[in-house]
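Read the structure below first, then the notes.
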Amino acid sequence: MKDQDIDDILKKAAQAPQDLDPLVLERIGDSIKPSLRPVRPLPPVWLMAVGLVLVCAGVSLAGAARGGFFGVAKMNLLERSLVFPALGLLACLAAVGFVHQMIPASRLRVSPSALLALSSVSLLAVFAPLFRDYHTDHFFLAGIACLLIGLLHAIPAGLLSWLMLRRGFAVNPASAGLVAGTLGGLAGVGMLELHCPNFQAAHILVWHTAVVPVSAALGALLGWKLRFRARSNDH
Amino acid sequence: MVRYQQGDFAAATALIDRISPRLHRFFLAKSMSRADADDLLQETWLQIHKVRHTYRPGEPALPWFYAIARHIRVDHYRKSIRHAAGERELEEMSKGVSSAPNQASELEALLAPLSEGQREVIAMLKVEGMSLEEVARATSSSVGSVKQKVHRAYEKLRQTIGATGPRKWRSGGLA
Chain W
1 MKDQDIDDIL KKAAQAPQDL DPLVLERIGD SIKPSLRPVR PLPPVWLMAV
51 GLVLVCAGVS LAGAARGGFF GVAKMNLLER SLVFPALGLL ACLAAVGFVH
101 QMIPASRLRV SPSALLALSS VSLLAVFAPL FRDYHTDHFF LAGIACLLIG
151 LLHAIPAGLL SWLMLRRGFA VNPASAGLVA GTLGGLAGVG MLELHCPNFQ
201 AAHILVWHTA VVPVSAALGA LLGWKLRFRA RSNDH
Chain X
1 MVRYQQGDFA AATALIDRIS PRLHRFFLAK SMSRADADDL LQETWLQIHK
51 VRHTYRPGEP ALPWFYAIAR HIRVDHYRKS IRHAAGEREL EEMSKGVSSA
101 PNQASELEAL LAPLSEGQRE VIAMLKVEGM SLEEVARATS SSVGSVKQKV
151 HRAYEKLRQT IGATGPRKWR SGGLA
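What follows is the structure, given as structure tokens:
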């Protein structure tokens, strides 16, 4: 049997009358009529993405200003010119991805999980050749402190991003949460790069980079929970 | 759609009349009872109304509608799974109603052997006539993934139709 034969059978089956009760249509019309007023469409994607990147940059800078810009002060020109543009570029990608997650049927160029993988691998690829101090002093103590500081900035950045796009509608809140978490995580890494003067390779590769996947996981979990909360509020 | 966003009730009514049968058929293609499909259709329109500002003029509207309908259906499915244990008796009753032979449409019967994802893609692509790109948008997946699902669905349909005899389906009757 050819594909064309199956197409014909499907078309024939679909043509069978599906009588939809006119009362149902009437009820739908009646239910939306009272609240039918003009709405303002969402602003362009680029504008929302720029807003998100600015929010994340603001959180990173505010955190570093409070803790001190020790990291960026210790970096040489090459390190500064590679680390921060890379973070900025990844933040732009994550911001655009997040905006697309909040618009139903938006064209997804990079899936949320691919975006997370790309962000983590790119950070490792930038950090690995730049930081060559292979000592591991206070690996866990200093590392966990940095991870927590990074997350303390990633969480507000992710939440502010979600708040900024609250007019959107995520058809998959868990995926949207994953992307918001990735974006927040990049803000957290940005804060750590500005602030943390510990340039040991293992410390940066493990603990700084870990902020992104941990934050993304928290975002996905929060999105998943929100879905059920929204659902129970509806009923 | 733009006029609906501007608060034009006539445009909203026209849109409801035009899109609802397609969405209703989309729900029915999921082996759902007519009553459930009616409820989900109403729920979908309430959601569409709530988030109508997220439609971007110039973009294809069908994937936007289907993405929201799909979200409602997935939520309904998950909710029914969560409550399955506590409401076993009720579910048995509704199963009895939805699987009654006189309620099953020909399309529903034809798509029954397919997985949820395959059924969804076939319903949008072959029944509603959406393009691969539109189906990919509505299901938040890639065109390649849609093509793969269609290919697998056709393999399964070929087996099913081959086993039951193509004449049965071509004649348009489910004896």
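So the protein lines, in turn, are chains W and X.
Mapping to my numbering: the first sequence position 162 is 162, numbers consecutive.
Mapping to my numbering: the second sequence position 107 is 107, numbers consecutive.
Glycine residues also receive a C-beta, built at the ideal position from the N, C-alpha and C atoms.
Chain W residues whose Cβ lies nearer than 8 angstroms to that of residue i
i: X/Tyr154; result: Asp3 and Ile6
Interface flag, residue i vs chain W, CB-CB below 9 angstroms
i: X/Lys50; result: yes
i: X/Lys126; result: yes
i: X/Glu120; result: no
i: X/Ile161; result: yes
i: X/Leu46; result: yes
i: X/Ser140; result: yes
i: X/Leu157; result: yes
i: X/Glu116; result: no
Within chain X, partners of residue i - CB distance below 7 angstroms
i: W/Gly168; result: Thr54
i: W/Arg107; result: Arg137
Proximal chain X residues relative to residue i, where beta-carbon distance stays under 8 angstroms
i: W/Ser35; result: His49
i: W/Ser161; result: The premise fails here: W/Ser161 is roughly 17 angstroms from chain X at the closest Cβ pair, so nothing lies under 8 angstroms.
i: W/Pro38; result: Gln5, Gln6 and Gly7
Pick from the options that is closest to residue i, judged by C-alpha positions
i: W/Leu78; options: W/Ser60, W/Ser119, W/Gly88 and W/Phe131; result: W/Phe131
i: X/Ile48; options: W/Ala202, W/Gly88, W/Ala117 and W/Ala170; result: W/Ala170
i: W/Asp133; options: W/Ala125, W/Val126 and W/Gln200; result: W/Gln200
i: X/Phe9; options: W/Ala216, W/Phe98 and W/Ile28; result: W/Ile28
i: W/Val214; options: W/Lys225, W/Gly181 and W/Arg227; result: W/Gly181
i: W/Leu89; options: W/Gly68, W/Val72 and W/Val126; result: W/Val126
i: X/Trp45; options: X/Arg18, X/Ser33 and X/Glu59; result: X/Arg18
i: X/Ala109; options: W/Ala13, W/Ser119 and W/Val206; result: W/Ala13
i: W/Gln106; options: X/His151, X/Tyr55, X/Leu28 and X/Glu155; result: A quick correction: the sequence has Ser, not Gln, at residue 106 of chain W. For the residues X/His151, X/Tyr55, X/Leu28 and X/Glu155, the minimum Cα distance to W/Ser106 belongs to X/Tyr55.
i: X/Ile65; options: W/Leu82, W/Met48, W/Pro104 and W/Phe84; result: Here the sequence assigns Phe to residue 65 of chain X, which means Ile is not the residue at that position. Per the Cα distances, W/Pro104.
i: X/Tyr4; options: W/Val59, W/Val179 and W/Leu36; result: W/Leu36
i: W/Lys11; options: X/Ser141, X/Arg152 and X/Glu106; result: X/Glu106
CB contact below 9 angstroms: residue i versus chain X
i: W/Gly190; result: no
i: W/Leu77; result: no
i: W/Gly51; result: no
i: W/Met94; result: Reading the sequence as shown, one finds Ala at residue 94 of chain W and not Met. False, the Cβ-Cβ gap to chain X never drops below 9 angstroms.
i: W/Gly29; result: yes
i: W/Asn198; result: no
i: W/Ser314; result: There is no way to answer for residue 314 of chain W, as the model of chain W reaches only from 1 to 235.
i: W/Leu178; result: no
i: W/Arg227; result: yes
i: W/Ser113; result: no
i: W/Leu221; result: no
i: W/Ile149; result: no
i: W/Leu10; result: yes
i: W/Gly181; result: no
i: W/Ser175; result: yes
9 angstroms Cβ cut-off: residues of chain X touching residue i
i: W/Asp21; result: Arg34 and Asp38
i: W/Val43; result: A small correction: the amino acid at residue 43 of chain W is Pro; Val does not occupy that position in the sequence shown. Going along chain X, no residue has its Cβ under 9 angstroms from W/Pro43, so there is no contact; the nearest lies around 10 angstroms.
Chain-ordered neighbours of residue i on chain W, where CB pairs are closer than 9 angstroms
i: X/Arg184; result: Absent from the structure is residue 184 of chain X, since the part of chain X shown begins at 1 and ends at 175.
i: X/Gly144; result: Those do not exist, as X/Gly144 stays about 12 angstroms from chain W at its closest Cβ, beyond 9 angstroms.
i: X/Gln42; result: Val24, Arg27, Ile28 and Ser31
i: X/Ser20; result: Leu20, Val24, Leu25 and Ile28
i: X/Ala12; result: Gly29, Ile32, Lys33 and Leu36
Distance between beta carbons of residue j and residue i, contact taken as under 8 angstroms
i: W/Pro164; j: W/Gly63; result: Note on identity: in this sequence residue 164 of chain W is Met, with Pro being the wrong assignment. Contact doesn't hold; Cβ gap of about 18 angstroms is too wide.
i: X/Arg73; j: X/Leu40; result: 6 angstroms
i: W/Gly236; j: W/Cys196; result: Nothing can be reported for residue 236 of chain W: it is not among the residues displayed for chain W, which extend from 1 to 235.
i: W/Val110; j: W/Leu93; result: 7 angstroms
i: W/Leu222; j: W/Gly177; result: 5 angstroms
i: W/Phe139; j: W/His203; result: 7 angstroms
Amino acids of chain W, ordered along the chain, whose beta-carbon sits closer than 7 angstroms to that of residue i
i: X/Ala67; result: Pro104, Ala105 and Val171
i: X/Ala112; result: Simply none; closest approach about 11 angstroms.
Proximity test, residue i beta-carbon vs the ligand SAM heavy atom, cut-off 8 angstroms
i: W/Gly29; result: Looking at this structure, you won't find the ligand SAM or any other ligand, since it has none at all.
**Item:** Cβ pair count under 8 angstroms reaching 3, the stretch 183 to 192 of chain W against the stretch 146 to 154 of chain W
**Value:** yes
**Message:** Does the stretch 124 to 138 of chain X come into contact with the stretch 31 to 40 of chain W, if we say contact requires no fewer than three beta-carbon pairs (one atom in each stretch) closer than 8 angstroms?
**Reply:** no
**Prompt:** Is it a yes or a no for the stretch 4 to 12 of chain W touching the stretch 121 to 128 of chain X, going by three-plus beta-carbon pairs under 8 angstroms?
**Reply:** yes
**Cβ contact (3+ pairs, closer than 8 angstroms) linking the stretch 11 to 25 of chain X and the stretch 207 to 226 of chain W** = no
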